[in-house]
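Be aware that the sequence shown starts at 296, since it is given in this note's numbering, and climbs by one per residue.
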Amino acid sequence: MSWGTELWDQFDNLEKHTQWGIDTLEKCIKFVKERTEIELSYAKQLRNLSKKYQPKKNSKEEEEYKYTSCKAFISTLNEMNDYAGQHEVISENMASQIIVDLARYVQELKQERKSNFHDGRKAQQHIETCWKQLESSKRRFERDCKEADRAQQYFEKMDADINVTKADVEKARQQAQIRHQMAEDSKADYSSILQKFNHEQHEYYHTHIPNIFQKIQEMEERRIVRIGESMKTYAEVDRQVIPIIGKCLDGIVKAAESIDQKNDSQLVIEAYKSGFEPPGDIEFEDYTQPMKRTVSDNSLSNSRGEGKPDLKFGGKSKGKLWPFIKKNKPPPPPPASASPSAVPNGPQSPKQQKEPLSHRFNEFMTSKPKIHCFRSLKRGLSLKLGATPEDFSNLPPEQRRKKLQQKVDELSKEIQKEMDQRDAITKMKDVYLKNPQMGDPASLDHKLAEVSQNIEKLRLETQKFEAWLAEVEGRLPARSEQMRRQSGLYDSQNPPTVNNCAQDRESPDGSYTEEQSQESEVKVLATDFDDEFDDEEPLPAIGTCKALYTFEGQNEGTISVVEGETLYVIEEDKGDGWTRIRRNEDEEGYVPTSYVEVCLDKNAKDS
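Structural data, given as structure tokens:
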């Protein structure tokens, strides 16, 4: 099967077909090029999507990605970034292995096609020229034959005419011979040209055109094969990245399988655990019989009757009514600062007649909110000013421990960094000592001393935070255990009706501390009310407490206690971590609730 023999007369159609083949090849190149653009665009969008959902540095989101589910999500984003990279590889390989090669091949194919059809046209022109020569010689031979025939007829006519002279006859005879010779020459020329044309035509249709068409056929078949190879390459480029894409997908599956719901739940506990113990039971207050109710947040009426006797475990203590509240209500708890100096020692409300419960309840529901204590005012001011205690004492115990541990770790890293820098400077100094031409060793002494000072400062800072950390880690668990043991001992000696152990809160030198400057501001506000509320009756004892730890009450409003000492409770903890106690008639004040084990006496309250 050859185009030269089968399509010897389809030169123009073959020219159109080969041009269509080149157009098809260029169409394939355009298709692959658009595919590479799509792959690049898709990879770019995937990268942007992955970047969009990556946690921002130094933001709250970065802290949230400690959970295994969030880590798995980050791994998924990273795998998608690698997945996008494989699509970029697809685009690059298609561009280099298909587009570039096909574009170069198209140019070569155009040149080859042009050359082949140029040879074909040249052969056509040659055979056409031979045909024209044949036609010309044929017409000349025909013309010479006709003229020779006419000359012969004229000679015969003249020869038969008796009136014509002999000379005229001879002339006619010679003319006929000349024409006859010319006809013979034309015949020989025509015969020669015809043989030549037949030979050229045979060569044209059986040699030149088949060879040219064979070359065109081979060119077209190579083009078809090249398209097939490009399609294979197109598929192989995709196939080459499938294993890596599979690894990316396997990474996503592995990240999903690494999610540990139990671990995430434990991280939530570590993130939000306060370290406090749950509050105890609320005592039942019986309103069906006259009684002396204690100063408690659990009752709607906090007034005491004037005509009823008070059972006091201690003597009188001059107190002052806390500002911003009515005289017939108990004072709020002291501020939870390191020095509750803003609290007047022994705030007390005067005796007044009891009001009906319904009247008190209506008054409670309709009254506007009041500032119950300066602690809320100070804490709000601290938040506004952005003041955070250095020892993180404003945080609950467990959160404080985590912050302190984090600070210790950061300082350790800084110390290690400074030590590495010091070692590097020391080595450089040794090099300078061995090779003075490289530098002056004395020039590094100042830098070395500065680094040593920084290390010493960081070590002192680390010791300070380690001390706070040891205080938090070593005190809280032991304290809770000791409280349970001593509480059990007290229950066996004095069976109470209600045993309300204090919640595990931080001490004045622990949590809930504010700046001294803010305390002084609160103290000034508090002293404005001192002169208005004097000569108040002391609060009655509502129970006893036993000191679990020694507390040095060095600030105004606090009282010193010794471990194991038993004292009287005159005011419960209102939720700020302080309890008001009395030792004797002249000594009373506030101690941290976490330092004492409180046992309320319902009998004392009822009396």
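Cβ coordinates follow ideal geometry from the N, Cα and C atoms, glycine included.
- Judged by DSSP in its simplified three-state form, K841 adopts strand.
- The straight-line gap separating the alpha-carbon atoms of G852 and V891 is approximately 17 Å.
- DSSP, read as helix, strand or coil, puts G884 in strand.
- Annotation note: the stretch 498-569 contains the following uninterrupted alpha helix (DSSP H) runs of length 4 or greater, listed N- to C-terminal: 504-552, 556-567.
- Comparing alpha-carbon positions, the option among Q849, E516, L755, G838 lying closest to M296 turns out to be E516.
- Note that the C-beta distance between G299 and P538 is not below 8 Å.
- Excluding five sequence positions before and after A550, the CB atoms of its chain that fall closer than 7 Å to its own CB belong to A367, S370, T371, given in chain order.
- Here F492 is near W426, since their CB atoms are less than 8 Å apart.
- Here the alpha carbons of E766 and D868 stand approximately 23 Å from one another.
- In this structure, the straight-line span from the alpha carbon of G316 to that of S364 is close to 56 Å.
- Counted as a single uninterrupted DSSP element, the beta strand (DSSP E) harbouring T861 occupies residues 861-866.
- From the listed residues D318, Y362, T839, the smallest Cα separation to K557 is found for Y362.
- DSSP places E892 in the strand class (E or B) of the three-state scheme.
- Under a 10 Å Cβ-count criterion, E430 is classified as exposed, with fewer than 16 other Cβ atoms of the shown protein chains found around its own Cβ.
- In this structure, I540 sits away from Y337, with a CB-CB distance that is not shorter than 8 Å.
- Taking 8 Å as the cut-off, the Cβ atoms of L862 and R875 do not count as close.
- With respect to the 8 Å criterion, A836 and I854 are not classified as neighbours on the basis of their beta carbons.
- V726 has its alpha-carbon roughly 49 Å from the corresponding atom of N343.
- Under DSSP, R877 shares a beta bridge with Y863, E883.
- Between the stretch 737-756 and the stretch 706-719, the count of Cβ pairs shorter than 8 Å is three or higher; the stretches touch.
- With distances taken between CA atoms, S432 lies nearest to A478 out of A478, D454, H413, P691.
- By alpha-carbon distance to E407, the top candidate from H312, D686, M514, Y348 is M514.
- Setting aside the 5 residues that flank it on each side, Y500 is surrounded in the same chain by W303, each with a C-beta closer than 8 Å to its C-beta; the list follows chain order.
- If you compare the alpha carbons of I422, A744, A762 with that of E495, the shortest gap goes to I422.
- Judged by their CB atoms, I385 and V536 are nearer to each other than the 8 Å cut-off.
- Contact between P736 and S569 fails: their C-beta atoms lie close to 56 Å from each other, not under 8 Å.
- For L699, the enclosing alpha helix (DSSP H) begins and ends at 692-729.
- V459 has no beta-bridge partner at all, per DSSP.
- A residue is called buried once 16 or more other Cβ atoms fall within 10 Å of its Cβ, and E334 is buried on that count.
- Its chain contains I710 as the residues whose beta carbon lies nearer than 7 Å to that of R754, once the 5 sequence neighbours on both sides are disregarded; these appear in chain order.
- A contact is defined here as three or more CB-CB pairs under 8 Å, and the stretch 561-576 meets this definition with respect to the stretch 691-708.
- Rounded to whole angstroms, the Cβ separation of D439 and S487 is 15 Å, and the two are not in contact under 8 Å.
- In this structure E578 is in contact with L895, their Cβ atoms being roughly 7 Å apart against a cut-off of 8 Å.
- DSSP, read as helix, strand or coil, puts T683 in coil.
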